[in-house]
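S.K.: As numbered in my numbering, the sequence shown has no gaps in its residue numbers, which increase by one up to the final residue, 632.
Mind having a look at this structure? Questions to follow.
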Amino acid sequence: MTWSQVPIYLQCIIIPPLFICIYASWAFFKGRKSLSDNIPGPQSSSFVYGNTKEIFDKNGWDYHQRMRDYGGLSRFKGLIGNDYLYIFDPLALNHIFLKDHDTFEEPKALISTFTLLFGSGLSATTGAEHKKQRKLLNPAFSIRQLRNTLPLLYPIVYRLKEEITLDINKGTGYIDVMSWMTRIALESITQGGLGHTFHSFDGDGKSAVYENAIKLLLPLSFQAYHIYRDLFHSLDKLGVTKFRHLLTVILPFKPVKDIQNAIDGVKEASIQVLKKKREALEKEDDAIEVGKGKNMINVLLKDGVNAGVAEDELIGHMNAIIFGATDTTSSAMSRILSVLAQNPDEQSKLREEVTIARKEYGDLDYDKLQSLPYLDAVCRETLRVYPPGSSVTREALKDTVIPLQFPIKSKDGLSDIDEVFVPKGTEIYISILGANRSKTIWGEDAEEWKPSRWLRALPSSVSEAHLPGVYSQMMTFLGGGRSCIGFKFAEMEIKLVLSVLVEAFIFEPVVDVSWDMGLISTPRIKNSTDIMPSLPMKVTPVSNCEQGISK
């Protein structure tokens, strides 16, 4: 069949998406400059895809290890021959996140994606607008606010403990820890942060919608990342966000549609939460929902109303907070419990510490929770070796030069490179994993999980590296003006959940699990084709073991 024989109605269906894809590709790639050919890096494996399939492979851990072997800065090929930088050198990171932060911003394509996904909140703004929004949100994540929030989280964690016990009593031999960590993370930020419950522990269809939306966003986003990012950014000039949203319906990209469907459910919930909280505040009835006025949304709403913040922006903040606080924290808690299950001696040591503390003080307040040395060491070491997000990207807004603390060997092997010229528009892949596991910084055992390293003085090479991270001289929560605004909330929540669960239960592995490298690392049963994250573990009440010993 020739094109002229194709029915007109089919031509009308095929041509617009084809035109849009061609336009998107042209708009994205036109005018891009090249980096120096003497920067080391792997050979391109495909003219079309470059090295992107390997870089963004969910099983790409070994490939990224090979990338780190080039040194703190290297180069790889993106789509249709475009050059990307791969960076984890500490001085380079200082320039990107601190000294020259105005030169390096989230890629415009990524900002377009965040706008489409979450709305016009903190994750979708840059420059002065981002600073303004961050200033508005900072009080909601202050230490003072966290002290008020912690007591609100204890009932949620005790409910989790009860639900896990019921799950154990079903007698299946294992429970899905990832599922429970997603639920507790969702309820912690929504109840403690928004004064609203999604009834995640009720097990009904409605609560499952939100849990599945958040769990699916990560693997689906990774699958559709380049389509979503490059396509919709290039279509900015063709229409507003609502039009781009419409394109997710008519374009034949199923992962894109699935992501949007997942997000829409949480957006609608955010709108309803905001409506109820506005009504409550207007009636001066802060206790109308859970939290009794001490949650973050009350702080945000009161400050936002005074600052004249639009409703769309508030909803954008809420969407970003819900997803950001749920996916990263659930991944981190799941990983910690998984590592503890593989290291029973360390798990026992942690159990002893939290049990003694809780017997003496009962529910630990913020300061007591933060003062437990081994709990702190376990959290820091796991977040160092296994950061939930292994990378972020930045784009050079103008021609610039990036210096290196540790010079790299040139591709031809004839010279050392201690700085690199970076053309405007260059995208930079920042390896959080590379910085956190650098042997030059952390020592020869950098890739080993050793909580004990935090119980003594760290090597001088750590402090001398001057990594710009906001948390424990590592890059897990980034640094500078786009660091994770809620990292102290996440740390508090993780420690609270661990202190209660490790005191009550013994965690053991039951199947081989692999962790997918995505926007956020997620676990799956090894060799499983199911896209839904899962972490089956044998969980036994400590009381059962104590009774067995006494008998």
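Glycine included, every Cβ here is placed at the ideal spot set by N, Cα and C.
Could you check the C-alpha separation between Phe169 and Tyr442 for me, to the nearest Å?
M.R.: Straight-line Cα distance between these residues: approximately 42 angstroms.
S.K.: Starting from Lys531, trace the alpha helix (DSSP H) in both directions and tell me its first and last residue.
M.R.: Element bounds for Lys531: n/a, residue is neither H nor E.
S.K.: Who are the Cβ neighbours of His176 in its own chain at under 7 angstroms, not counting the five residues just before and after it?
M.R.: Excluding sequence neighbours, His176 sits near Ile483 and Pro484.
S.K.: For the beta strand (DSSP E) containing Ile396, list its first residue and its last residue.
M.R.: Counting along the chain, Ile396 falls outside any beta strand (DSSP E), though it belongs to the alpha helix (DSSP H) covering Glu392 to Gln423.
S.K.: Within this structure, are the beta carbons of Gly515 and Arg149 separated by less than 8 angstroms?
M.R.: Their beta carbons are under 8 angstroms apart, which means Gly515 touches Arg149 by this criterion.
S.K.: Who are the near neighbours of Gly560 in its chain, counting only those whose CB is closer than 6 angstroms to its CB and skipping five residues on each side?
M.R.: Excluding sequence neighbours, Gly560 sits near Phe178, Pro549, Gly550 and Val551.
S.K.: So, is Phe128 buried or exposed, given that buried needs 16 or more other C-beta atoms within 10 angstroms?
M.R.: Classification of Phe128: exposed, given that the 10 Å Cβ count is below 16.
S.K.: With 16 as the cutoff for other CB atoms within 10 Å, does Ile630 come out buried or exposed?
M.R.: With a pLDDT of only 46 at Ile630, under the threshold of 50, the placement of this residue in the model should not be trusted, and no figure is reported.
S.K.: Give me, in chain order, the residues of the same chain whose beta-carbon lies closer than 8 angstroms to that of Asp393; leave out the 5 immediate sequence neighbours on both sides.
M.R.: Excluding positions up to five away in sequence, the list reads Gly200 and Ser201.
S.K.: Pull the bridge partners of Phe128 from the DSSP assignment, please.
M.R.: DSSP, once it has assigned bridges, lists no residue as partnering Phe128.
S.K.: Can you tell me where the beta strand (DSSP E) holding Tyr165 begins and where it ends?
M.R.: Unbroken beta strand (DSSP E) run through Tyr165: Asp164 to Ile168.
S.K.: For Gly112 and Thr196, I'd like the C-alpha separation in whole angstroms.
M.R.: Only weak support is given to the placement of Gly112: the predicted model assigns it a pLDDT of 49, under 50, and the value that follows is read from those uncertain coordinates. When rounded, the distance between both Cα atoms is 25 angstroms.
S.K.: Please go through the same chain and pick out, in chain order, the residues whose beta-carbon is closer than 7 angstroms to the beta-carbon of Val435, but skip the five residues on each side of it.
M.R.: So the qualifying residues of the chain are Leu453, Leu456, Ser580, Val583 and Glu584.
S.K.: Could you name the residues of the same chain whose beta carbon sits closer than 6 angstroms to that of Met377, not counting the 5 residues immediately before and after it, in chain order?
M.R.: Result list for Met377: Ala221 and Gly274, in chain order.
S.K.: Which two residues bound the contiguous beta strand (DSSP E) that contains Gln554?
M.R.: Element bounds for Gln554: n/a, residue is neither H nor E.
S.K.: Leaving aside the five residues before and after Pro617 along the sequence, list all residues of the same chain whose C-beta is less than 8 angstroms from its C-beta, in chain order.
M.R.: Closer than 8 angstroms at the Cβ level, and outside the excluded window around Pro617, lie Tyr255, Ile256, Asp257, Val258, Val591, Val592, Val594 and Ile606.
S.K.: Would you mind stating whether Thr507 and Ala477 have Cβ atoms separated by less than 8 angstroms?
M.R.: Result yes, Cβ atoms of Thr507 and Ala477 sit closer than 8 angstroms.
S.K.: Expressed to the nearest angstrom, what Euclidean distance is found between the alpha-carbon atoms of Arg563 and Met598?
M.R.: Cα to Cα, the separation comes out at about 22 angstroms.
S.K.: Measuring CB to CB, does Leu577 end up less than 8 angstroms from Leu450?
M.R.: Yes. Within cutoff.
S.K.: Is the region 425-439 in contact with the region 398-405, if contact means three or more CB pairs nearer than 8 angstroms?
M.R.: The region 425-439, when compared against the region 398-405, does not touch it at the 8 angstroms Cβ threshold.
S.K.: Report the residue from Leu395, Asn379 and Thr463 whose alpha carbon sits nearest the alpha carbon of Val660.
M.R.: The structure shown does not extend to residue 660, since the chain is modelled only from 82 to 632, so the question has no answer here.
S.K.: With a threshold of 16 other CB atoms inside 10 Å of the CB of Gln226, please say whether the residue is buried or exposed.
M.R.: By the 10 Å Cβ count, Gln226 comes out buried.
S.K.: Please state the DSSP three-state secondary structure of Lys158.
M.R.: Note: Lys158 maps to strand in three-state DSSP.
S.K.: Would you mind stating whether Ile192 and Ser155 have Cβ atoms separated by less than 8 angstroms?
M.R.: No; because the gap between Cβ atoms is not below 8 angstroms, this pair is not in contact.
S.K.: How should Asp164 be labelled, buried or exposed, when 16 other C-beta atoms within 10 angstroms of its C-beta is the threshold for buried?
M.R.: Buried, since its Cβ has 16 or more Cβ neighbours within 10 Å.
S.K.: Could you work out which residue in Ala546, Val501 and Ile612 is closest to Tyr167 when comparing CA atoms only?
M.R.: When only C-alpha atoms are compared, the closest one is Val501.
S.K.: Once you ignore the five residues that flank Tyr239 on each side, which residues in its own chain have a CB closer than 8 angstroms to its CB?
M.R.: Closer than 8 angstroms at the Cβ level, and outside the excluded window around Tyr239, lie Val581.
S.K.: Kindly indicate the opening and closing residues of the alpha helix (DSSP H) around Arg240.
M.R.: Counting along the chain, the alpha helix (DSSP H) containing Arg240 begins and ends at Ile224 to Ile249.
S.K.: From the DSSP secondary-structure annotation, give me the bridge partner or partners of Ile587.
M.R.: Its beta-bridge partners are Thr621.
S.K.: Could you give the first and the last residue of the continuous alpha helix (DSSP H) run that contains Phe195?
M.R.: It spans Lys189 to Phe199 - the alpha helix (DSSP H) in which Phe195 sits, taken as one unbroken run.
S.K.: Comparing C-alpha positions only, which one of Leu217, Thr271 and Thr407 sits nearest to Leu233?
M.R.: The shortest Cα separation from Leu233 among Leu217, Thr271 and Thr407 belongs to Thr271.
S.K.: Could you tell me the distance, in whole angstroms, from the CA atom of Val459 to the CA atom of Pro532?
M.R.: Whole-angstrom Cα-Cα distance: 5 angstroms.
S.K.: Could you tell me if Gly494 is buried or exposed, where buried requires 16 or more neighbouring beta carbons within 10 angstroms of its beta carbon?
M.R.: Gly494 should be labelled exposed.
S.K.: Distance check for Leu160 and Lys139, CA to CA, integer angstroms please.
M.R.: So the alpha carbons of these two residues sit roughly 18 angstroms apart.
S.K.: Beta-carbon separation of Leu203 and Ile566 under 8 angstroms?
M.R.: Against a cut-off of 8 angstroms, the Cβ pair of Ile566 and Leu203 comes out as a contact.
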